[in-house]
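Step one of this worksheet: look at the structure below.
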Amino acid sequence: MNLLLMFFTTFFIQLIITTEMNIIAPLAPYLSQYFNIKDSSVIMFNIGYSLVGLLAPFFGVFADRYGKKKSLMVALTLYITGTLISGFARNPLIYAFGRTFIGIGYFSLSGTNLSYLSEFIPYASRGKASGILRGAFGIAILLSPLYAANMINKFGNLKSVYLPLTIIGVSCLLLLFKLPETKKSKDIKVDLEELFTMVKNPISYKSLIVVFLILSAPALLLNFLGIYISNNFNLNQVQIGYIYTIIAVGTILGIVFATLLTDRIGKEKLSRIFFILVLLALVAMVFSKSIKIIVGFLTLITVGIDGGWTAYQTLCSEIYPEKRGTFMSIVYTVNAITVIVCSLLGPILYNWGGYKLLVVISVINTIIAINILFSMSIEKSIVKNHNPSKF
15 MNLLLMFFTT FFIQLIITTE MNIIAPLAPY LSQYFNIKDS SVIMFNIGYS
65 LVGLLAPFFG VFADRYGKKK SLMVALTLYI TGTLISGFAR NPLIYAFGRT
115 FIGIGYFSLS GTNLSYLSEF IPYASRGKAS GILRGAFGIA ILLSPLYAAN
165 MINKFGNLKS VYLPLTIIGV SCLLLLFKLP ETKKSKDIKV DLEELFTMVK
215 NPISYKSLIV VFLILSAPAL LLNFLGIYIS NNFNLNQVQI GYIYTIIAVG
265 TILGIVFATL LTDRIGKEKL SRIFFILVLL ALVAMVFSKS IKIIVGFLTL
315 ITVGIDGGWT AYQTLCSEIY PEKRGTFMSI VYTVNAITVI VCSLLGPILY
365 NWGGYKLLVV ISVINTIIAI NILFSMSIEK SIVKNHNPSK F
C-alpha cells in the first residue's frame, strides 16, 4: 500500500474540485458581463451545481457497495467532462449545464476522498489525514481567486481557467489505477428508509442541522463579497482576486491549527472553539463599514469556519463507521442544500437589505448552531454506541 501516492492523488483531486468551486464568487463581475446577466444572479450558477449534491447519499452507497476507488474514478470522469463543457461555453445555460457535471464530481469526490483515506488510517490519526485534505482545500481557496483573475486578465476567456483543471483531473484519474481498492459491502444498497433512519437519530439530525447553519455564513457572505466590493468600493477584477486571497489566508491558518490541534484537544471541543470565533467576528462585522475592517473580520471568520469544519467533519465521519461513505454523503447533501437555499434566497436578500442583512442572518444562524452543538455530545455518543477500544 503506497500511502504517499494515495495522499498525493486525493490531495490534487481535492485541490482541483475546490479551485473550481471557488472561482464563481471572485469572477462574478466578469461572468455577469461575459454572459450579459445581472450581477446578483451570478450566484444562481450554483443551483444546478448543487442540486446534484442531493444525490450524494446514492454516491455514498455506490462507494460502500462497489468500492471507494471506483467511486472516485467515476466521479472524477464526470468532473472532467464538466470542466470541458464549462470551459467552452458561450451562453449561460451551457455553462450552468457543465457546472452540473462538475457538481456531481464535487459532492461525490468530497465525501468519498476522506472516506477512502479513512479505510487505511486509524481513527486516532484521522485528524491529520483530514487536515491534509483540508490543506488542499485551503491552498485552492488561497490561490483560486488570483489564478482565475489573472487567467481572465491575460487570456480573456473561460477556457484558460478550465483546461488546466481538466489536465490535472485526467492525471489524477490515471494515478487512481495504481491505488488499492477498499473493502466492498455488497449488502449495502440504496435504501431510502435506511437513510431516513440514519438521519432521524438525534445525534445525526442535530449534527446535520449544525452543518447547514454553519455553512450558510460563507455561502452568503463570500458569494456576494465580489459584487459588494465591486459596486461599493469600485475595485477591478484583479483587485477583487487579491481581496479573496487575503481572506483565504484565514482558511490556511484555520486548517493548520485544526491539523495540529484536532487530535490533541479533541474534535468536538475544537469545533466549538472555532465556531465561537466565527460568531464574534460576525457580530463585529455588523458594525463595520471600512473595507479593510470587513476583510479583516472575514479573514477571522474563515479561520473559524475552516478550522472548525476540519475538526467537525472528522467527528461526523465516525458517527456511522461501518457506513461512513453513506453518512458522509448525507453530510455533503446538506452542504448542497445549503448552497441551493443560499443561491435562491441570496439574491432576494441582497437586493432587499444589502450585504449587512446577510451578515445579520449569518449571526443568527451561527448562534443557533453553537447552541445545538453545546446541547449534545457527539464524541460521548460515538463511544457509547461503538467499540470504545477503537478510540
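For this note's numbering, count along the sequence shown from 1 and bump the result up by 14. We treat Cβ as the ideally placed atom computed from N, Cα and C, and that holds for glycine. None of the values given here were measured: they were computed from a predicted structure.
Item to check | 7 Å Cβ cutoff met for LYS281 and THR328 | outcome: Residue mapping note: residue 281 aligns to position 267 of the sequence shown, counting from 1. Residue mapping note: residue 328 aligns to position 314 of the sequence shown, counting from 1. Yes; because the gap between Cβ atoms is below 7 Å, this pair is in contact.
Item to check | Residue from PRO40, GLN47, VAL175 and THR196 with nearest C-alpha to GLU133 | outcome: Within the sequence shown, numbered from 1, the residue matching residue 133 stands at position 119. Minimum Cα distance to GLU133 is reached at THR196.
Item to check | Residue from TYR120, THR352, ILE182 and LEU235 with nearest C-alpha to VAL224 | outcome: The count along the sequence shown starts at 1 and reaches residue 224 at position 210. Among TYR120, THR352, ILE182 and LEU235, the Cα nearest to that of VAL224 belongs to THR352.
Checklist entry - Whose CA, out of GLY119, ILE386 and ILE135, lies closest to the CA of PRO216? => result Taking the sequence shown and counting its residues from 1, one reaches residue 216 at position 202. The shortest C-alpha separation from PRO216 is found at ILE386.
Next on the checklist: Using C-beta distances below 6 Å, list every residue in its chain close to PHE73, excluding the 5 sequence neighbours before and after it, in chain order.
Outcome noted: Taking the first residue of the sequence shown as 1, we reach residue 73 at position 59. Here the set comprises SER122 and SER343.
Next on the checklist: Just to check my reading of the structure: LEU29 and ALA150 have Cβ atoms closer than 8 Å, yes? What is that Cβ distance to the nearest angstrom?
Outcome noted: For this step, residue 29 is matched to residue 15 along the sequence shown. For this step, residue 150 is matched to residue 136 along the sequence shown. Rounded, the Cβ-Cβ distance is 4 Å, consistent with contact.
Checklist entry - Whose CA, out of THR32, LYS337 and ILE375, lies closest to the CA of ILE202? => result Within the sequence shown, residue 202 is the residue found at index 188, counting from 1. If we check each option's Cα against that of ILE202, LYS337 comes out closest.
Next on the checklist: Please classify SER376 as buried or exposed, where buried requires at least 16 neighbouring CB atoms within 10 angstroms.
Outcome noted: One-based indexing of the sequence shown puts residue 376 at position 362. Under a 10 Å Cβ-count criterion, SER376 is classified as buried, with 16 or more other Cβ atoms of the shown protein chains found around its own Cβ.
Checklist entry - What's the call for TRP366, buried or exposed, on a 16-neighbour Cβ count within 10 Å? => result Within the sequence shown, numbered from 1, the residue matching residue 366 stands at position 352. Burial call: exposed.
Item to check | Residue of GLU207, LEU107, LEU45 and ASN127 minimising C-alpha distance to PHE25 | outcome: As a working mapping, residue 25 is identified with position 11 in the sequence shown. Considering only alpha carbons, the answer is ASN127.
Next on the checklist: Closest to SER46 by C-alpha separation, out of LEU86, ASN245 and ILE319, would be which residue?
Outcome noted: Numbered from its first residue, the sequence shown carries residue 46 at position 32. For the residues LEU86, ASN245 and ILE319, the minimum Cα distance to SER46 belongs to ASN245.
Checklist entry - Just the Cα atoms here: how many angstroms apart are SER357 and ASN60? => result If you number the sequence shown from 1, residue 357 lands on position 343. If you number the sequence shown from 1, residue 60 lands on position 46. The straight-line gap from Cα to Cα measures roughly 7 Å.
Checklist entry - Does the segment 235-252 touch the segment 302-312, meaning 3 or more C-beta pairs lie closer than 8 Å? => result In short, these stretches touch, since the Cβ pair count reaches three.
Item to check | Minimum length 4: unbroken alpha helix (DSSP H) runs contained in the segment 102-127 | outcome: Uninterrupted alpha helix (DSSP H) stretches at least 4 residues long and entirely within the segment 102-127 do not occur.
Checklist entry - How close, in whole Å, do the beta carbons of ILE319 and GLY268 come, if the pair is a contact with beta carbons under 8 Å? => result The residue you call residue 319 lines up with position 305 of the sequence shown. The residue you call residue 268 lines up with position 254 of the sequence shown. Taking the Cβ atoms as the reference, ILE319 lies roughly 7 Å from GLY268, within the contact range of under 8 Å.
Item to check | Same chain, Cβ closer than 6 Å to ALA39, five either side skipped, listed in chain order | outcome: Counted from its first residue, the sequence shown places residue 39 at position 25. Within the same chain, ALA39 has close Cβ partners LEU236, ASN237 and GLY240.
Next on the checklist: Against chain B, with Cβ distances strictly below 7 Å, would LYS370 count as a contact?
Outcome noted: The structure shown has no chain B; it contains just one protein chain.
Checklist entry - Rounded to a whole number of angstroms, what is the C-alpha to C-alpha distance between LYS192 and SER85? => result On the sequence shown, residue 192 is found 178 positions in, with the first residue counted as 1. On the sequence shown, residue 85 is found 71 positions in, with the first residue counted as 1. Straight-line Cα distance between these residues: approximately 15 Å.
Next on the checklist: Buried or exposed, going by whether 16 or more other CB atoms sit within 10 Å of the CB of GLU207?
Outcome noted: The residue you call residue 207 lines up with position 193 of the sequence shown. That one is exposed.
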